[in-house]
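*Asks:* Every letter in the sequence shown is one number past the one before it in our numbering, and letter 136, counting from 1, is 148. Using N, Cα and C, we set each Cβ at its ideal position, and we do this for glycine too. This one's a predicted model, so the numbers in the text were calculated from it and none came from an experiment. Mind having a look at this structure? Questions to follow.
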Amino acid sequence: MRATRRRPRKADPLASAQAVRSIIEHLRSALPEIIPHKDKELIRLLRAARHIQRYRATDTNRGRPGKWKREELLSVVARLEHILDRETSSHISLASFVDHYLRLIDFPADVVEVLEKGEINLFEAEQLARVTAGRLEVTSGQAKRTRAELLSSHLQTKASGDRLRKRVNELLRTSKANAGDGTVDNPLANSEDLEDFDPYDSTHLFWEQLKQLGFAFRSIRREDVTDEEIEELLKASEPILATLNRIQRRREQMKVIKVEL
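See below:
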């Protein structure tokens, strides 16, 4: 049974915007000719480095040339891994830094403040950071008040991070339904939900892979993909779709059995 109460939290060496910025400055000092100064470009670079770290054995000249050379990205990977090992005693990987901690620099200031005070952990901060004016279609002040209300209730009830995630999901779904934005039929319109899997789940590696797919699809534009790459993706997706269809059929069969009982 999934816990609904908060787990004891350990001190997180990078759970602050200043700590994340410090890692970035260490990296920039080591590779000043590669690391950009603008946050948007920095995030793009580190995500590209994250990708090549996972698939560093792959070397191909197909498709559109990337913004950064492969050698540059590998240098970023090696240097960032070294910095993280040194600054966090090997407790935080490059993957975790790029996929989670790097997002801190874009979190609302009120969320960062309570995170840095230790009142919430990074996963809980990620959930609160999803409650934005744009998603709720309200003013910035109204979104801030909503986050404050969620936080207050969350701390008073000592609920788990997963419980907070579900409350945020419900809030955002209600907001979309009220807005009638017509995004229901778009398979990528709700891709932010891929960020919300419980990291304590025993199947976390599977959900982590799905989350990475969500990030990849959101960052790739139609003109970035060649016809050959589309064919590769279609071939790769066939066994996945077959498995998903099998799961769906089994679920339907279980529903029929329950009705008959």
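(1) Quick one, which of R56, K52, R62, A90 has its alpha-carbon nearest L43's?
(2) Short of 6 Å in beta carbon distance, which residues of its chain neighbour T186, apart from the five on each side in sequence? Order them along the chain.
(3) Does the beta-carbon distance from L92 to L39 come in below 7 Å?
(4) Secondary structure at T100, three-state DSSP: helix, strand or coil?
(5) For a test of the three-state rule: what should DSSP assign to L54, helix, strand or coil?
(6) Report yes if the C-beta distance between A31 and L127 is below 7 Å; otherwise report no.
(7) Which residue comes first and which comes last in the alpha helix (DSSP H) that contains F109?
(8) Which of helix, strand or coil does DSSP assign to G153?
(9) Taking only the alpha-carbon atoms, compute the straight-line gap between F119 and I95 and give it to the nearest angstrom.
(10) If we ignore side chains and look at the alpha-carbon of each, how far apart do R56 and Q65 end up?
(11) Should A145 and A160 be called a contact, given that it needs their Cβ atoms to be closer than 7 Å?
(12) According to the neighbour-count rule (16 or more other Cβ atoms, all chains shown, within 10 Å of its Cβ), is T158 buried or exposed?
(13) Helix, strand or coil for A27 per DSSP?
(14) Sorted by chain position, which residues of the same chain lie with C-beta nearer than 7 Å to Q168's C-beta, five sequence neighbours on each side aside?
(15) Can you give me the start and stop residues for the alpha helix (DSSP H) that F135 sits inside?
(16) Report buried or exposed for N190, applying the criterion of at least 16 other Cβ atoms within 10 angstroms of its Cβ.
(17) Check for me: the alpha helix (DSSP H) holding G146 runs from which residue to which?
(18) Can you tell me which of V237, F229, P48, T151 puts its alpha carbon nearest to the alpha carbon of W80?
(19) Do V110 and R33 have their C-beta atoms within less than 7 Å of each other?
(20) Indicate the three-state DSSP secondary structure (helix, strand or coil) for T186 in the structure shown.
(21) With distance defined between alpha-carbon atoms, name the residue in L163, K129, G130 nearest to A141.
(22) Classify A137 as buried or exposed, calling it buried when 16 or more other Cβ atoms lie within 10 Å of its own Cβ.
(23) When the Cα atoms are used, what is the spatial distance from L24 to K52?
*Replies:* Short version:
(1) A90
(2) none
(3) yes
(4) helix
(5) helix
(6) no
(7) 106–111
(8) helix
(9) 23 Å
(10) 14 Å
(11) no
(12) buried
(13) coil
(14) none
(15) 134–141
(16) exposed
(17) 145–148
(18) P48
(19) no
(20) helix
(21) L163
(22) buried
(23) Here residue 24 turns out to be Asp, not Leu, going by the sequence shown. If you take the alpha carbons of D24 and K52, they lie about 25 Å apart.
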